[in-house]
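Line by line, the protein sequences are chains A and B.
Our numbering numbers the first residue of the first sequence as 287 and each following residue consecutively.
Our numbering numbers the first residue of the second sequence as 263 and each following residue consecutively.
Report on one structure; see the data block that follows.
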Amino acid sequence: MTEKIKIKSKNVNVYYGQKKALDKINLEIPTNKVTALIGPSGCGKSTFLRCINRMNDTIDICRIEGKIIVDEEDIYSTEVDPVLLRAKIGMVFQKPNPFPKSIFDNVAYGPKIHGIVNSDDELEELVIYSLKKAGLFEEVKDRLNDSGTSLSGGQQQRLCIARAIAISPQIILMDEPCSALDPIATAVIEELIDELVKNFTIVIVTHSMQQAARVSQQTAFFHMGNLIEVGRTDQIFSTPSQKKTQDYITGKIG
Amino acid sequence: MGFWSFFFILVVLGLSVHWYATNKALKLNAKLEKGSKLPSLPSYYGTYSLLLIIFPTSSLLLLWLVGKPFILEYILLQNIPEQLSANFDGAPSMLVDSIKAVDLERIFPGTNPLIVESATYFKDLNNYSNSFAYFSILIVAFLSSYFSLKKISTTFKARQAVEKSNINLLIFSSTIAIITTIGIIFSLIFEALRFFDEIPFFDFLFGLSWSPQTAIREGQIASQGVFGAIPIFSGTLLITLIAMSVAIPVGLLSAVYLSEYATPKVRQTFKPILEILAGVPTVVYGFFAAITVGPFFKDLANYSGFNIASESAIAAGGVMGIMIIPFISSLSDDVISAVPKSLRDASYAMGATKSETVKKIILPAALPGIIGAILLAVSRAIGETMIVVMAAGIAANLTANPFEAVTTVTVQIVTLLIGDQEFDSAKTLAAFALGITLFVATLFLNLLALKIVSKYRERYE
């Protein structure tokens, strides 16, 4: 199966101070697919995710070696502006973190700072489009001026997704997006991911192996800062080639 | 019995009772069978006995110290020779004072021998009564230690009793501050009410002219005294405005720098230095304003062809603003740092730059806390005295020109109360009226600030 590759990491090492968090990660992430990163806590999967949009730059003691290539361009080369890069790569966090602003302003924030829209009408259109895309519009259409923090946890997380897609990124990174949500809200988000993958390349970090199996097409298993195994999701969960992967998905380590 | 021998006996008694009670409990415990030990640890019985000495003796001693002057003066007045009191021209309390003032070691020649006699009597009375009081207190201490030692048994829970007295001690300490505050408020209210008996309330609050010189003696040539506080309020407002227009931008921007941009090393160096500003005594700021800043503005104006006084609102307000910078920067730094990292991450992940994040996310989120900090700083500025006394003058001008001398509420209180004053003249009482106005204003500001700050805290925690 030949796939178009969106993100390619080459020998990526990450250090927090003296501690090595990731060791020689080589991973290819295909376009318009969901790639799940699984592994026990502290294995480096979130660290790897945060390398893709250079969010680790905001941590002073973090140091990165190697190359991460997005669309044929090394994002760690000196010509790349992390601000523009992040406009291309949206991110959804573990805990829903809407801004303490209105629902409308939460979604409008990105388009405004990037000057994507030219008029208020266009902005409104884009906000509504994004909210619809995130499956939230029907629930909030009468109260767009309410505070984003007044929503329920699941709604807040979908608001964060709407916020991310409002600047039409190509990639969406999700860092355990459902870990703070109940099963029903989780199911809604998972359905949404199935829908979004038509337009976006999605990388999702998750602790739930069922979730990885449900939403992803490719799965990468991390352990102690190493990438142990990567492959098609059905294959990883049915016939893993590595003993460690086998142990993890059957619950022997973790 | 002198005080020190009394104190020594008390300490020895306390220590030995503590030791004895602990030992008694230990021995009792050793004798008792396993299931029926004393309900508390032995040392609690010792502590309980000690407390039972400390509480009654210290409260009796305090009572004696407070009550002694009244009791002794009463006895003295009863025993003053008839001859003396009949011939004395003045109130009996003045007679008592002159008797007390006699130094028996060095009697002035020509002092009335009857007064000397009374003074000797008073000295003896003082000594005897002290000995009597100390002796009685010691008896109480012995009695209470006898009772506390008798109480040691399996049915007495010493730990609970000790804990309870600890709580009482804490409550007592915290009520002292509250009671003092209430006392201050009441004294302000009563004196202010006396002032408003003489000057109508609305004349004070809305009068446009302030000239508190009144005649001190009858027949003295002096003006009537006008108590319209508007010039003072406007002066306070003007100086506060100037101070805040210096402190808010500088303080806020430095807070943003320290919390968002500075590396940890810079932050560790800068923050303490900024906070040193808060530790400079205001009188030092005062002479800095009066000697350096005031003349600077005067010279500046002279060069540009104006003529202004070296005492000006802008000198005092500007220096006060510098004094207040650390308040605003330190408090704002705290609230800005309290904005959760997740919000910053969310903004950066959207491709926002640092300044966009600060402007559009962090400052709006921290705004309630920043407003709280500003209000606290305003109430500090309103209450500031020393700088204004030294640099802004005492003339009550009703003006909005920052280059003129103005005066503030606090400065007027100072000038009204210094010098020879009759305590019930309108001039002196006006200080209390100003004081209560100031108190109400700052109380209101502080309440508002605390309310805003606490509301803000609820949102993130």
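Glycine is no exception: its CB is placed at the ideal position from the N, C-alpha and C atoms.
The model shown is predicted, which means the values in this text are computed figures rather than measured ones.
| Item | Value |
| --- | --- |
| Can you find a CB in chain A that lies within less than 7 Å of the CB of residue 252(B)? | A question about residue 252(B) goes unanswered here, because the residues of chain B that appear run from 263 up to 723. |
| State the start and end residues of the unbroken beta strand (DSSP E) segment that holds residue 456(A). | First-last for residue 456(A): undefined, no H or E at that position. |
| Determine the extent of the beta strand (DSSP E) in which residue 489(A) is found, giving its start and end residues. | 487-491 |
| For the beta strand (DSSP E) containing residue 291(B), list its first residue and its last residue. | Taken as a continuous stretch (DSSP letters only), residue 291(B) belongs to no beta strand (DSSP E), being part of the alpha helix (DSSP H) at 265-293. |
| Skipping 5 residues on each side, what residues in its chain have a beta carbon closer than 7 Å to that of residue 294(A)? | 314 and 355 |
| Check whether the segment 679-699 of chain B and the segment 439-455 of chain B touch, using three or more Cβ-Cβ pairs below 8 Å as the test. | yes |
| Tell me the DSSP bridge mates of residue 323(A)? | 491(A) and 506(A) |
| Along chain A, which residues have their Cβ under 7 Å away from the Cβ of residue 627(B)? | 386 |
| Should residue 373(A) be flagged as near chain B, meaning a C-beta pair shorter than 7 Å? | yes |
| Could you tell me the alpha carbon to alpha carbon distance between residue 313(B) and residue 633(B), rounded to whole angstroms? | 48 Å |
| Residues in the segment 586-620 of chain B with C-beta within 7 Å of chain A's C-beta atoms, listed in sequence order? | 604, 605, 607, 608, 610, 611, 612, 613, 614, 615 and 618 |
| Do you know how far the Cα of residue 356(B) is from the Cα of residue 412(B)? | 52 Å |
| Whose Cβ in chain B lies nearer than 7 Å to the Cβ of residue 349(A)? | Here the premise fails: no neighbours, minimum Cβ distance about 16 Å. |
| Exposed or buried, residue 304(A), counting other C-beta atoms within 10 Å across all chains shown (16 or more means buried)? | exposed |
| Can you find the residues in the same chain that come closer than 7 Å, C-beta to C-beta, to residue 656(B), ignoring five residues on each side of it along the sequence? | 669, 673 and 677 |
| Flag this pair as yes or no: are the beta carbons of residue 504(B) and residue 664(B) separated by less than 7 Å? | yes |
| Mind reading off the beta-carbon distance from residue 342(A) to residue 348(A)? Whole number of angstroms is fine, and I expect it under 8 Å. | 4 Å |
| Which runs of the alpha helix (DSSP H), 4 residues or longer, sit entirely within the segment 486-566 of chain B? | 492-518, 526-541, 544-550 and 556-565 |
| Which residue marks the beginning of the beta strand (DSSP E) containing residue 348(A), and which one marks its end? | 348-356 |
| Just by C-beta distance, which residues in the segment 485-516 of chain A are closer than 9 Å to chain B? | none |
| Determine the contact status of residue 369(A) and residue 483(A), defining contact as a CB-CB distance below 7 Å. | no |
| Cβ-heavy atom distance between residue 336(B) and the ligand SAH below 6 Å? | Although the ligand SAH was asked about, the structure shown includes no ligands whatsoever. |
| Name, going along the chain, the residues of the segment 452-463 of chain A whose beta-carbon falls closer than 7 Å to a beta-carbon of chain B. | 453 |
| Output the boundary residues of the alpha helix (DSSP H) element that contains residue 374(A). | 368-374 |
| Give me the Cα-Cα distance between residue 419(B) and residue 279(B), rounded to the nearest whole angstrom. | 18 Å |
| May I ask which residues mark the beginning and end of the beta strand (DSSP E) holding residue 292(A)? | 291-302 |
| So what does DSSP say about residue 612(B), is it helix, strand or coil? | coil |
| Whose C-alpha, out of 316(B), 667(B), 274(B) and 561(B), is nearest the C-alpha of residue 493(B)? | 667(B) |
| Using a Cβ-Cβ distance under 7 Å, would residue 242(A) count as near chain B? | Chain A is shown only over 287 to 540; residue 242(A) falls outside these bounds and no answer can be derived. |
| Could you tell me which chain A residues have their CB closer than 8 Å to the CB of residue 714(B), listed as they occur along the chain? | None at all; the shortest Cβ gap to chain A is about 15 Å. |
| Report yes if the CB atom of residue 508(A) is closer than 7 Å to the CB atom of residue 329(A), and no otherwise. | yes |
| Do the CB positions of residue 460(A) and residue 516(A) come within less than 7 Å of each other? | no |
| Determine contact between the segment 623-641 of chain B and the segment 382-399 of chain A, defined as no fewer than three beta-carbon pairs at a distance below 8 Å. | yes |
| Looking at residue 448(A) and residue 393(A), is the spacing between their C-beta atoms short of 7 Å? | yes |
| Does DSSP put residue 430(A) in a helix, in a strand, or in coil? | coil |
| Extract the residue ranges of the beta strand (DSSP E) inside the segment 680-720 of chain B, only unbroken runs of 3 or more that lie entirely within it. | none |
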